[in-house]
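For the sequence shown, the residue numbers in the numbering used here are 893 to 1519.
Report on the structure given below.
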Amino acid sequence: METKEFKAESKRLLEMMINSIYTHKEIFLRELISNASDAMDKLYFKSMSENTGITRSDMAIRIEADKDARTITLTDNGIGMTKDELENNLGTIAKSGSLAFKTENEKAEDVNIIGQFGVGFYSAFMVAKRVTVISKAYGAEQAYMWRSEGVDGYTIEEANKDTYGTQIILEVKDNADEENYDEFLQPYKIKSLIRKYSDYIRYPILMNEEHRKLKEGTEDEYETEIVTETLNSMTPIWKKSKNELTDEEYNGFYKDKYYDYDQPLTHIHTKTEGTATYTALMYIPAKAPFDYYSKNFEKGLTLYSNGVMIMEKCADLLPDYFSFVRGLVDSEDLSLNISREMLQHDRQLKLIAKSLEKSIKNELKKLQKNDREKYEKFFDAFGIQIKYGIYESFGANKENLQELLMFKSSFGGYVTLEEYVSRMKEEQKYIYFASGSSIARIEALPQTEMVKDKGYEILYFTDHVDEFTVQMMHDYNGKEFKSVSADDLGLETEAEKEEIKKAEEENKELFDFMTEKLSGKVKAVKLSQRLKTHPVCITSEGMLSVEMEKVLSAMPDEQANSAKAQKILEINAEHPIFAKLKSLYESDKDAVAMYADILYAQALLIEGMAIEDPVGFTNKICDIMSK
Ligand code: ADP
Ligand code: MG
């Protein structure tokens, strides 16, 4: 028997494993099983070139847990290891580069490294006080046993083993204060770990189970029967080809996996080769999950490397505006272990993410075109994400996302921007929109009168973010967005403009008087160019609209809070109230001041804004009523 020291780097990695405080020690099983699977792949490829007659169906991984002896044993009939290989592969693990990466990083990263990528064979030392590996290389005469209790070194000696392959025996640590190692000896735990991490390993993972059954010919005597169970389902649905799969199968997988009662709206199943090689299966849910808008929600896709789960939710694979997508990515380009390719993987991951984003967008575009009903359902549930996607990137994502946008419209139903522009009137300059808390409220807004009268379509903005989003966009294919409450609507002809200017000059004194009475509240009182039947409305000048002021004033941020729109009180020259104001201005200026107050308050109410002095307002109305 030879006793040997570990290489220095291996020692450090081992130390890290043995003393690991990592909470998901369970990944050791995933690591050992993936090694067994690799070993069987290697034998399979060897047998193909050498015609050994060995087929995949001869291969399996066996697991045994012995509660009394406190051992877990994994046996594979893969390619096995020679004495040299045992030494080189298990004695100097750090050559894989994982440690080189680790030492460059802070200790705080340990947990992350283990969690995201695992650290291969040595992870066994997170749960085992002694690890024994008995292996016989395929075609070799002699088997060898490698054994280690950790950093002190390992031994290698000859061993007896009938068949080729590798057997790993873990002597499980004793329970400690806050660590429960016993559970790893429980069949139910082992089963659930296999399902969680190794369900799609392509070789069967077998475990014998004792089943109690009624002894034949008796009514109350039992006997135990040993049943060999296959713990993994082996073929992942995403590895099958599209035309093998029905919608039922796709949806069944979705429901099982994500516990969603609703059918997904659609699925995306893509296989890509080239700069990024991967298979992805993604779903667009019909509704937001209950925790979607809570802090607890985690976006991300499950990441597999060749059927082995590496990460449950890989957030980097999805941009925030597509955070509703559920699904998984399986890529051969990502190895289980962190390794020298680590950084390259990162780049690989980015490439995959970019390519996934494109597929998601294309699928949504397809849905929008071919199944409008479903797309509208999607947009009801998640459209706000798309709007935020544009707003939060300060418009950088505009090109990418604008085609996915839809708004409710004065023409009925949802309209895309492309559709809006395609049906604009010839002389129409802008894409008009009106904001309010509900469609009913918006439809009643006096500001929409003239725009509607011209036959122009109006987008109805009911989400807080809507105005902010189009402000970031500025225009759609050269057509600027315009609020029906903006100061310059671009509706009237030059002649009409002249007329209004003249009327304003004629009544300059009246307007100056009212503006002064309302100073601090409005920037100006003007004649309206947009009202037809209604007496008054509020509009605004500049970047900040009345609607935006409303949204900002509801925010906790003080600076946002104090932002005020530059309001204009507009009066309809055709309305009898205007004639009344004119005559009162000659006879009773106090009355004009009171009317200005009332009209302003009315305009605020129409906007759905609070008035500053509701008691004063109602008293004034009552005064007039009792006259
Ligand atoms: P990785 O799997 O990334 O190479 P590991 O630490 O998991 O790193 O394993 C180290 C090496 O040990 C493997 O590359 C392989 O050569 C060898 N090995 C581990 N387990 C087995 C096994 N069951 N059969 C054959 N070789 C194995
Ligand atoms: Mg491995």
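We put the CB at the ideal spot given by N, CA and C, even for glycine.
Looking at C-alpha atoms only, which residue of S929, M1365, M1037 and Y1348 is the closest neighbour of G1281? Numbered from its first residue, the sequence shown carries residue 1281 at position 389. G1281 has its Cα closest to that of M1365, out of S929, M1365, M1037 and Y1348.
Nearest-angstrom beta carbon gap, T1047 and E1525 [assumed within contact, 8 Å]: No information on residue 1525 is available, as it lies outside the stretch 893 to 1519 that the chain covers here.
Please confirm whether V1217 and I1278 have their CB atoms less than 8 Å apart. Working through the sequence shown from its first residue, we reach residue 1217 at position 325. Working through the sequence shown from its first residue, we reach residue 1278 at position 386. Result no, Cβ atoms of V1217 and I1278 do not sit closer than 8 Å.
At a cut-off of 7 Å, is N927 close to the ligand MG when judged by its beta-carbon and the heavy atoms of the ligand? For the purposes of this step, residue 927 is taken as residue 35 along the sequence shown, with counting starting at 1. At least one heavy atom of the ligand MG lies closer than 7 Å to the C-beta of N927.
Can you give me the C-alpha to C-alpha distance between L1297 and A1273, rounded to a whole angstrom? As a position in the sequence shown, residue 1297 is number 405, starting the count at 1. As a position in the sequence shown, residue 1273 is number 381, starting the count at 1. L1297 and A1273: Cα-Cα distance of roughly 13 Å.
In whole angstroms, what separates the C-alpha of T974 from that of S949? Residue 974 sits at position 82 when you count from the first residue of the sequence shown. Residue 949 sits at position 57 when you count from the first residue of the sequence shown. Each residue's CA atom was taken as its position, placing T974 and S949 some 24 Å apart.
Compare the Cα-Cα distances from S1420 to each of I1097, F1403 and G1412 and report the closest residue. In the sequence shown, the residue the question calls residue 1420 occupies position 528. Taking only the C-alpha atoms, the option nearest S1420 is F1403.
Per DSSP, cross-strand counterpart(s) of R1094: For this step, residue 1094 is matched to residue 202 along the sequence shown. According to DSSP, R1094 bridges with nothing at all.
Can you give me the C-alpha to C-alpha distance between K1415 and N1262, rounded to a whole angstrom? Position 523 of the sequence shown holds residue 1415. Position 370 of the sequence shown holds residue 1262. Straight-line Cα distance between these residues: approximately 49 Å.
Using 8 Å for Cβ pairs, my map puts K1191 next to L1173. What's the rounded Cβ distance? By 1-based counting over the sequence shown, the position of residue 1191 is 299. By 1-based counting over the sequence shown, the position of residue 1173 is 281. In fact, because the Cβ distance is near 17 Å, the residues do not count as touching under 8 Å.
Between the CA atoms of H1467 and A1207 - distance to the nearest angstrom: Residue numbering aside, residue 1207 sits at position 315 when the sequence shown is read from its first letter. Residue numbering aside, residue 1467 sits at position 575 when the sequence shown is read from its first letter. Going from the Cα of A1207 to the Cα of H1467 covers about 59 Å.
Under the criterion of a Cβ to heavy atom distance below 7 Å, does M1037 qualify as lining the ligand ADP? Reading the sequence shown from its first residue, position 145 is the one you call residue 1037. False, no ligand heavy atom lies under 7 Å from that Cβ.
Around the Cβ of I971, are there at least 16 other Cβ atoms within 10 angstroms (buried) or fewer (exposed)? One-based indexing of the sequence shown puts residue 971 at position 79. Looking at its Cβ environment, which holds 16 or more other Cβ atoms inside 10 Å, I971 is buried.
Cβ atoms of I1093 and V848: under 8 Å apart, would you say? Nothing about residue 848 can be read from this structure; the chain reaches only from 893 to 1519.
Going by the CB atoms, is the gap between T1120 and L1085 shorter than 8 Å? Along the sequence shown, read from residue 1 onward, the residue named residue 1085 stands at position 193. Along the sequence shown, read from residue 1 onward, the residue named residue 1120 stands at position 228. Against a cut-off of 8 Å, the Cβ pair of T1120 and L1085 comes out as no contact.
Continuous alpha helix (DSSP H) assignments of at least 4 residues falling wholly in the region 1122 to 1159: Counting whole runs of 4 or more residues, the region 1122 to 1159 contains the alpha helix (DSSP H) stretches 1139 to 1150.
Using 7 Å as the cut-off, classify the Cβ of T974 as near or not near the heavy atoms of the ligand ADP, replying yes or no. The sequence position of residue 974 within the sequence shown is 82, counting from 1. Answer for T974: no, Cβ out of range of the ligand ADP.
With a threshold of 7 Å, establish whether the CB of E923 neighbours any heavy atom of the ligand MG. Working through the sequence shown from its first residue, we reach residue 923 at position 31. Yes, the beta carbon of E923 sits closer than 7 Å to at least one heavy atom of the ligand MG.
Among Y1151, E1265, F1182 and M1435, whose alpha-carbon lies nearest the alpha-carbon of G1219? The count along the sequence shown starts at 1 and reaches residue 1219 at position 327. Nearest in C-alpha terms to G1219, of all of Y1151, E1265, F1182 and M1435, is Y1151.
So, at 7 Å on beta carbons, what are the nonlocal neighbours of L1235 in its own chain, with the 5 sequence-adjacent residues on each side left out? Your numbering for residue 1235 matches position 343 in the sequence shown. Bear in mind that a pLDDT of 39 at L1235, under 50, signals an unreliable position, so the number given afterwards is only what the model happens to contain. Within the same chain, no Cβ atom closer than 7 Å to the Cβ of L1235 is found once the five residues on either side in sequence are excluded.
In the DSSP output, which residue or residues are listed as bridge partners for Q1059? Within the sequence shown, the letter at position 167 stands for residue 1059. Beta-bridge annotation (DSSP): Q1059 is paired with T967 and I1026.
Once the 5 residues before and after L1491 are set aside, which same chain residues still bring their CB inside 8 Å of it? Position 599 of the sequence shown holds residue 1491. Excluding positions up to five away in sequence, the list reads P1427, V1428, L1461, I1463 and I1469.
Confirm, please, whether the CB-CB distance from E1349 to R1315 is below 8 Å. Here residue 1315 refers to the residue found at position 423 when the sequence shown is read from its first residue. Here residue 1349 refers to the residue found at position 457 when the sequence shown is read from its first residue. Yes. Within cutoff.
Determine the burial state of R1087: buried for a count of at least 16 other Cβ atoms within 10 Å of its Cβ, exposed for fewer. Against the sequence shown, residue 1087 aligns to sequence position 195. Taking all protein chains shown into account, R1087 has fewer than 16 neighbouring C-beta atoms within 10 Å of its C-beta and is therefore exposed.
Alpha-carbon spacing of K1134 relative to I919, whole angstroms: Numbered from 1 along the sequence shown, position 242 holds the residue referred to as residue 1134. Numbered from 1 along the sequence shown, position 27 holds the residue referred to as residue 919. The C-alpha of I919 is placed about 31 Å away from the C-alpha of K1134.
How should A1288 be labelled, buried or exposed, when 16 other C-beta atoms within 10 angstroms of its C-beta is the threshold for buried? Within the sequence shown, residue 1288 is the residue found at index 396, counting from 1. A1288 is exposed by the Cβ-count criterion.
I1171 lies in the beta strand (DSSP E); which residues open and close that run? The count along the sequence shown starts at 1 and reaches residue 1171 at position 279. Rather than Ile, the amino acid found at residue 1171 in this sequence is Thr. Y1170 to I1176 is the extent of the beta strand (DSSP E) around T1171.
Tell me whether G1012, by its Cβ, gets closer than 7 Å to a heavy atom of the ligand MG. On the sequence shown, position 120 is the one that residue 1012 refers to. At a threshold of 7 Å, G1012 counts as near the ligand MG, since its beta carbon sits closer than that to one of the ligand's heavy atoms.
Who does V1428 pair with in a DSSP beta bridge? For this step, residue 1428 is matched to residue 536 along the sequence shown. Answer is I1463, bridged to V1428.
May I ask you to report which of helix, strand or coil DSSP gives L1402? Along the sequence shown, read from residue 1 onward, the residue named residue 1402 stands at position 510. It is helical.
Contact check, V1064 vs R962 under 8 Å by CB: the rounded distance? Indexing the sequence shown from 1 puts residue 1064 at position 172. Indexing the sequence shown from 1 puts residue 962 at position 70. V1064 to R962, Cβ: 5 Å. Contact.
Does the beta-carbon distance from A1180 to L1157 come in below 8 Å? Residue 1180 sits at position 288 when you count from the first residue of the sequence shown. Residue 1157 sits at position 265 when you count from the first residue of the sequence shown. No.
Does DSSP classify F993 as helix, strand or coil? Residue numbering aside, residue 993 sits at position 101 when the sequence shown is read from its first letter. With a pLDDT of 43 at F993, under the threshold of 50, the modelled position of this residue cannot be trusted; read the value that follows with caution. Per DSSP, reduced to three states, the secondary structure at F993 is helical.
Less than 8 Å separating the beta-carbons of G1370 and Y1322? By one-based count along the sequence shown, residue 1370 stands at place 478. By one-based count along the sequence shown, residue 1322 stands at place 430. No, they are not a contact pair.
Determine whether the beta carbon atoms of G1012 and K899 lie at a separation below 8 Å. Mapped onto the sequence shown, residue 1012 falls at position 120. Mapped onto the sequence shown, residue 899 falls at position 7. Annotated as distal: G1012 and K899, with beta-carbon spacing of 8 Å or more.
Which of the three DSSP states, helix, strand or coil, is assigned to V1376? As a position in the sequence shown, residue 1376 is number 484, starting the count at 1. In the structure shown, V1376 adopts coil according to DSSP, grouped into three states.
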